[in-house]
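Under my numbering, the first residue of the sequence shown carries the number 1342, and numbering increases by one thereafter.
No residue lacks a Cβ here, since even glycine has one placed at the ideal position from N, Cα and C.
Heads up, the thing below is written out as structure tokens.
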Amino acid sequence: MDLCLKNASQKSFWPFRGLCFQPISWSASASFCAGISLPSSFSLYIGSIRTWFKRSLFLLCTIGFITAYADPVPEEIFAQNQVNTPQISHIPPERPQPLSDTDLNMIQQVIISAFTFMTPRLMQPHTAQELSLWGLSTFVTRDPELSITEITSAPLGEELGKQPPPKDNPVHKLVALRGNKLLVSADFPSDSDFQSWAALTVSIIQKTWDEDASLQALGKNRILPLFFSGIFSHLDPYSRYLSPQQARKERLSRRGGEYSIGLTLKKQPGRYPVIDTINANSLIWATGADIGQKLYEIDGHNTADASLDAINSWLTKTGPHSVTVRYGSSPSKAKSATIQLERLPPQTAFLERRKDGYLMLRVADFSTQTADEISQLLSDAFPPQTSEHKPSPLRGIIIDLRGNKGGVLQQAVMTAALFMDRGIVATTTGRYPAANHIWAIQGGDITNNSPLIILVDGLTASAAEVLAAALADHHRAVIIGTATYGKGLVQDIGQMPDGGEIFVTWSRNTAPQGEPLQTLGVIPQLCTSSPKYTITEQIMSLRQGISLQGELMKQSRAARDDTPTETLLKIRQNCPSSLETPESITAAFRLLASPEAYRTALRSVPVMADASP
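What follows is the structure in structure tokens.
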């Protein structure tokens, strides 16, 4: 077998291959013309003719040299042949800086760690050989002079011509060339020998680096991202490698950056700033501060006289700090509190309690704190009932997951536990034993079974789809919107020796009724993008106890992991994905206004006979 990742291409930049090349100088002319052989008959000419010919030939070579020099030849050709002469304005590049032993060792250790982490977790089995060749293919693609070829042939021996070569002992080599220059020639390691494959890979990368100036220009920090991009281009869209810089940035985002009080404000000139949002993870949340209250003072500074930028600078520091703030609904009712600033993770959940009796809960994504945020928000909206205090009844809760691209799966499961008493939220399956899990909850609905609507769109994905599918399959919520994104794959994260991270898809999500979330997504009970029925037609039918989406609900819940992709896509066409639209909120209020329509939409999701208990 002769498998060549990419053949090297030989390019001729000069019309006369016999001419040698030297920089412009009068003394260089002889060297330039040294490749030309004169016919023997010229030796018979008399000295004067010989002198005339030499002068003519000298002039001809000089003109030809200058003409060739004027042609648009790539700069790297000159760099390979120039010497330092005062007549040339071009400065030759510095000699290539080799990768240090420390660099090479770190690259090798990262590759070994990545292979060790990835190979047992990948959804489909792949060997170290496949991963290495996929990674090296990126270097071949970007450098047309580089070729990496797998060579398989029978071993040579005295008896080779007398009998067929043995098939169980072939010569198996990996050969790396740049042009006609041999970089590496080595025996293939075994498929599962991570260390040998990593060492061979690093050897090829080192030789490529020494020869390829454009790779050096990218910098050594680009080597591993290039290598892993070749691997992950053969897998799925969600597996990826993060460099140490990217990984640190994401970790900083997850745990928070600067120290802050946890408020966002809106302000008009000459007026006190109004609290717009409060981070539920902050200390000021526990003091009783509320959205809509005014912030009057910060460490004695009157906020009405300050710009919003100045106010925010007083509330945000680069290190641990404390501020004393005065806030309230009016100056006479204002309270003071000294708050320790914290490094807060970004808030992901926001709650609005409307005067008409509805709660609007917006969940932007699922971070490591999202379930706690939602729990705090709902606990404030649903305080414990006592003989002195009876919370006013809610007409309904609308959870807005539009544009929510997901996040931490466990947080979606914990969020479902706030709205359900018990049941299976999702099932994950994969090759790795720890990837197989049934996510079941045993908790308590803290919303007193209030009517629940979930808004979704074409960008609702991953963990957000898990939450929506679970609440719909358990007849706890009505989904309104369009077919969701359809990401039902779960990634595991591995920490690399260089401080980077590897995200590897290791399991597949299925909803409680057994339908796959990958490709299919979540199909709403009330579709705002239906090509057959308007929103009004669907709601009017639901009020009469009939769901126009009933057949679509049966088709979507009957789908399984082995259902052909074409069938899943055909189901989605009945409620095509689209982006967030205001019609979804309007439809939610209209549906909640009719208890009969709401109940019919809940019951439109069938209970499948083979669904998990």
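Taking the beta carbon of W1623 as the centre, do at least 16 other beta carbons fall within 10 Å, making it buried, or is it exposed? As a working mapping, residue 1623 is identified with position 282 in the sequence shown. A small correction: the amino acid at residue 1623 is Ser; Trp does not occupy that position in the sequence shown. The residue in question, S1623, is buried, as its Cβ has 16 or more Cβ neighbours within 10 Å.
Do K1746 and A1802 have their CB atoms nearer than 8 Å? On the sequence shown, residue 1746 is found 405 positions in, with the first residue counted as 1. On the sequence shown, residue 1802 is found 461 positions in, with the first residue counted as 1. Cβ atoms of K1746 and A1802: closer than 8 Å.
Please state whether DSSP places V1543 in a helix, a strand or coil. Counting from 1 along the sequence shown, the entry for residue 1543 is found at position 202. Three-state DSSP puts V1543 in a helix.
Could you check what DSSP says for M1881 in three-state terms: helix, strand or coil? By 1-based counting over the sequence shown, the position of residue 1881 is 540. In the displayed model, M1881 falls within a helix according to three-state DSSP.
Exposed or buried, what is S1945 when buried is set at 16 or more other beta-carbons lying within 10 Å of its beta-carbon? By 1-based counting over the sequence shown, the position of residue 1945 is 604. Classification of S1945: buried, given that the 10 Å Cβ count is 16 or more.
What are the start and end residues of the alpha helix (DSSP H) that includes Y1939? Counting from 1 along the sequence shown, the entry for residue 1939 is found at position 598. First-last of the alpha helix (DSSP H) with Y1939: P1936 to R1944.
Only counting the same chain, and skipping five residues up and downstream in sequence, which positions put a Cβ closer than 6 Å to that of W1655? Residue mapping note: residue 1655 aligns to position 314 of the sequence shown, counting from 1. Closer than 6 Å at the Cβ level, and outside the excluded window around W1655, lie I1639.
Output the distance between the C-alpha atoms of A1767 and P1947, rounded to the nearest integer angstrom. If you number the sequence shown from 1, residue 1767 lands on position 426. If you number the sequence shown from 1, residue 1947 lands on position 606. Between A1767 and P1947, the alpha-carbon positions lie close to 17 Å from each other.
Take R1483 and list the residues in its own chain whose beta-carbon comes closer than 8 Å to its own, dropping the five residues that flank it on each side. Locating residue 1483 in the sequence shown gives position 142, where the first residue counts as 1. For R1483, where only same-chain residues beyond five positions count, the Cβ hits under 8 Å are S1555, L1556 and L1567.
Separation of L1719 from A1540, as counted between CA atoms: As a working note, residue 1540 is residue 199 in the sequence shown. As a working note, residue 1719 is residue 378 in the sequence shown. Using only the alpha carbons, I get a separation of about 55 Å.
Enclosing alpha helix (DSSP H) for G1891 [first to last residue]: Taking the sequence shown and counting its residues from 1, one reaches residue 1891 at position 550. From DSSP, the alpha helix (DSSP H) with G1891 extends over G1891 to A1899.
Exposed unless 16 or more other CB atoms sit within 10 angstroms - verdict on W1393: Here residue 1393 is taken as the residue at index 52 of the sequence shown, counted from 1. Below a pLDDT of 50, predicted positions are generally treated as unreliable, and W1393, at 46, falls in that range; the measurement from the model is reported next regardless. W1393 comes out exposed.
Where do the N-terminal and C-terminal ends of the beta strand (DSSP E) with A1527 fall, by residue? As a working note, residue 1527 is residue 186 in the sequence shown. Looking at the DSSP string, the run of the beta strand (DSSP E) that includes A1527 is K1522 to D1528.
Using 8 Å as the threshold, is the region 1827 to 1841 in touch with the region 1919 to 1934, meaning 3 or more CB pairs across them? With the cut-off at 8 Å, the region 1827 to 1841 and the region 1919 to 1934 do not touch.
Residues bridged to S1663 (per DSSP): If you number the sequence shown from 1, residue 1663 lands on position 322. BP columns for S1663 point to Q1681.
Spell out a yes or no on whether the region 1834 to 1853 and the region 1573 to 1585 are touching, meaning 3 or more CB-CB pairs, one atom from each, closer than 8 Å. yes
Within this structure, are the beta carbons of T1659 and S1677 separated by less than 8 Å? By one-based count along the sequence shown, residue 1659 stands at place 318. By one-based count along the sequence shown, residue 1677 stands at place 336. Not a contact, by the Cβ cut-off of 8 Å.
When you compare each of I1876, G1748 and Y1699 to A1928 by their alpha carbons, which one comes out closest? On the sequence shown, position 587 is the one that residue 1928 refers to. The shortest Cα separation from A1928 among I1876, G1748 and Y1699 belongs to I1876.
Roughly how many angstroms separate the alpha carbons of S1570 and D1577, rounded to a whole number? As a working note, residue 1570 is residue 229 in the sequence shown. As a working note, residue 1577 is residue 236 in the sequence shown. Rounded to whole angstroms, S1570 to D1577 spans 11 Å at the Cα level.
For the structure I just gave you, are there three or more beta carbon pairs, one from the region 1777 to 1796 and one from the region 1752 to 1762, closer than 8 Å? Here the region 1777 to 1796 makes contact with the region 1752 to 1762; the two share three or more CB pairs at distances below 8 Å.
Take every Cβ of the region 1611 to 1621, pair it with every Cβ of the region 1642 to 1651, and state whether three or more of those distances are shorter than 8 Å. yes
Where P1917 and S1663 are concerned, what is the direct C-alpha to C-alpha distance, given to the nearest angstrom? Walking along the sequence shown from the start, residue 1917 turns up at place 576. Walking along the sequence shown from the start, residue 1663 turns up at place 322. Those two C-alpha atoms are separated by around 51 Å.
Give me the DSSP bridge partner(s) of P1302. The displayed coordinates of the chain run from 1342 to 1954. Any statement about residue 1302 would go beyond what the structure contains.
Which residue from A1805, R1817 and A1776 puts its Cα closest to that of I1794? The sequence position of residue 1794 within the sequence shown is 453, counting from 1. Residue R1817 is the option with its Cα nearest to I1794.
Boundaries of the alpha helix (DSSP H) in which N1850 is found, first to last residue: One-based indexing of the sequence shown puts residue 1850 at position 509. Per DSSP, N1850 belongs to no alpha helix (DSSP H); it is in the beta strand (DSSP E), E1842 to T1851.
Going straight from the alpha carbon of L1796 to that of L1702, what length do you get? Position 455 of the sequence shown holds residue 1796. Position 361 of the sequence shown holds residue 1702. Spanning the two alpha carbons is a distance of roughly 10 Å.
Between G1855 and T1823, is the Cβ-Cβ spacing less than 8 Å? Counted from its first residue, the sequence shown places residue 1855 at position 514. Counted from its first residue, the sequence shown places residue 1823 at position 482. No, these two residues do not count as a Cβ contact at 8 Å.
What separation, rounded to the nearest whole angstrom, lies between the Cα atoms of S1454 and D1534? Mapped onto the sequence shown, residue 1454 falls at position 113. Mapped onto the sequence shown, residue 1534 falls at position 193. Approximately 12 Å, taken between the alpha carbons.
Given T1908, which residues of its chain have a CB within under 8 Å of its CB, disregarding the five upstream and five downstream residues? To locate residue 1908, count along the sequence shown from 1; it is residue 567. Residues A1900 of the same chain have their beta carbon placed closer than 8 Å to that of T1908, with the five preceding and five following residues left out of the count.
In whole angstroms, what is the alpha-carbon distance linking Q1470 and R1581? Against the sequence shown, residue 1470 aligns to sequence position 129. Against the sequence shown, residue 1581 aligns to sequence position 240. Q1470 and R1581: Cα-Cα distance of roughly 19 Å.
By a C-beta neighbour count over all protein chains shown, 10 Å radius and 16 as the cutoff for buried, is K1395 buried or exposed? By one-based count along the sequence shown, residue 1395 stands at place 54. Residue placement at K1395 is poorly supported in this model, since its pLDDT is 43, which falls under 50; the coordinates are not used for a value here.
Roughly how far, in whole angstroms, is the beta-carbon of N1777 from the beta-carbon of T1770, given that I think they are within contact range, below 8 Å? Locating residue 1777 in the sequence shown gives position 436, counting from the first residue. Locating residue 1770 in the sequence shown gives position 429, counting from the first residue. Yes, they are in contact, since the Cβ atoms of N1777 and T1770 sit about 5 Å apart, within 8 Å.
Close Cβ partners of T1709 (< 8 Å) along its chain, the five nearest in sequence each way excluded: If you number the sequence shown from 1, residue 1709 lands on position 368. Only R1595, P1686, V1749 and Q1752 meet the Cβ criterion.
Measure the beta-carbon distance from A1722 to L1700 and round it to whole angstroms, keeping in mind my assumption that it falls under 8 Å. As a first step, residue 1722 must be located in the sequence shown, where it is residue number 381. As a first step, residue 1700 must be located in the sequence shown, where it is residue number 359. That pair is a contact at about 6 Å.
As assigned by DSSP and simplified to three states, the class of N1653: Reading the sequence shown from its first residue, position 312 is the one you call residue 1653. If DSSP states are grouped into helix, strand and coil, N1653 belongs with the helices.
If you run the structure through DSSP and keep just helix, strand and coil, what is K1548? As a position in the sequence shown, residue 1548 is number 207, starting the count at 1. In this structure, K1548 counts as helix in the three-state DSSP scheme.
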